[in-house]
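S.K.: Residue numbers (the working numbering): 138 to 472.
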């Protein structure tokens, strides 16, 4: 295995940025979104106008931030990056907006964490390019209006339901949901990332990692880096299927992509509660976990695999979950 270049030796924090696609054609998957964005960006370029405001939503790690950077490169615009929690006061937003130049892109990650006061200031900025600021308090308070250069707001969120309806309606360019990837697309991403990391990997190993990546590029790249580390420590010139399998076993990632934590939740559901139904609060207490952790971290993937079901009476383990854990599904009498 060849030695990574100097710019890859600064830790995984910098690797994640290095592995991001730098040109439009390197972005794998999400074809419907890419096709729609291509039309929108081409039309805006022909009119010599900034693209309209865009909202991307979907689970973490699917490429929302990457799309924002690629759009900026595609239209040759500067991108200013911030996040919902970072904008605490109206003055913070005013400072960001007044420092934008004509045609800039403002990218707000975790947009669902913007407070309502900030949203109210965003509305006129998005619609008419003006910023209304109140100076002073009480009877002496007065409003001044500042003009903002034409810009494009791109927002990303994992929880679109927490965005207010008035804010959602102002993303006139489109609201796009990023879908989970399939194994073929994840495999292509892994093979591309391995070239950037200057790591040799065979097709079988790439497929094995893709199978356990929860259909998410960020997780796929994380597992690839851990397999690279394992191969390097064990003096393997190439990541083959056996090396990948051993590295993933060490990480306790099974063939379905479940972590030890996921399997523990399933085992508690099956062994302590006979497969359910059981309420979220009870399940969280039995697992010594927070309800939000189970609901937002574990459940989405287990639901996607069909290992659990949500019913009005609580969570239920499916026959697939029993089979995956090597247990016999009980034939419960109909009530």
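For each residue, glycine too, the CB sits at the ideal point set by N, CA and C. This structure is a prediction, so every number in the text was calculated from the model and none was measured.
1. Could you tell me the distance, in whole angstroms, from the CA atom of residue 296 to the CA atom of residue 408?
2. Below 6 Å CB to CB, which residues in the same chain sit around residue 105 once its five sequence neighbours on both sides are set aside?
3. Going by the CB atoms, is the gap between residue 237 and residue 243 shorter than 8 Å?
4. For residue 203, which residues from the same chain have a beta carbon less than 8 Å from its beta carbon, with the 5 sequence-adjacent residues on both sides left out?
5. Just list the residues that DSSP pairs residue 270 with in beta bridges.
6. Among residues of its own chain, excluding the 5 on either side of residue 458, which ones have a beta-carbon nearer than 6 Å to its beta-carbon?
7. Determine contact between the stretch 326 to 338 and the stretch 298 to 312, defined as no fewer than three beta-carbon pairs at a distance below 8 Å.
8. Have a look at residue 388 and residue 366 and give me their C-alpha separation to the nearest angstrom.
9. Going along the chain, which residues of its own chain have a beta-carbon closer than 6 Å to the beta-carbon of residue 435, five neighbours each way excluded?
10. So, are the CB atoms of residue 170 and residue 315 less than 8 Å apart?
11. For residue 293, name the three-state secondary structure that DSSP assigns.
12. Thinking residue 190 and residue 307 are a contact (beta carbons under 8 Å), I'd like their distance in whole angstroms, please.
13. In whole angstroms, give me the CA-to-CA distance for residue 155 and residue 241.
14. Grab me the residues of residue 234's own chain with a C-beta within less than 6 Å of its C-beta, minus the 5 sequence neighbours each way, in chain order.
15. What do you get for residue 176, buried or exposed, if any count of 16 or more other CB atoms within 10 angstroms of its CB means buried?
16. Residue 345: buried (16+ other C-beta within 10 angstroms of its C-beta) or exposed?
17. Could you tell me the boundaries of the alpha helix (DSSP H) in which residue 227 lies?
18. Tell me whether residue 265 sits in a helix, a strand or coil according to DSSP, three-state version.
19. Determine the contact status of residue 377 and residue 342, defining contact as a CB-CB distance below 8 Å.
20. Straight-line CA distance for residue 245 to residue 371?
21. DSSP state of residue 212, grouped into three classes?
22. Candidates 232, 221, 411 and 215: which alpha carbon is nearest residue 187's?
M.R.: According to the structure shown:
1. 32 Å
2. Residue 105 is absent from the structure shown; the chain starts at 138 and stops at 472.
3. yes
4. 157, 158 and 164
5. 281
6. 403 and 444
7. Cβ pair count under 8 Å is below three, so no.
8. 12 Å
9. 399 and 402
10. In contact: residue 170 and residue 315 (Cβ atoms closer than 8 Å).
11. Strand at residue 293.
12. 6 Å
13. 23 Å
14. 262, 268 and 285
15. exposed
16. buried
17. 227 to 235
18. helix
19. When the beta-carbon positions are compared, residue 377 and residue 342 come within less than 8 Å of each other.
20. Rounded to the nearest angstrom, the two C-alpha atoms are 42 Å apart.
21. coil
22. 215
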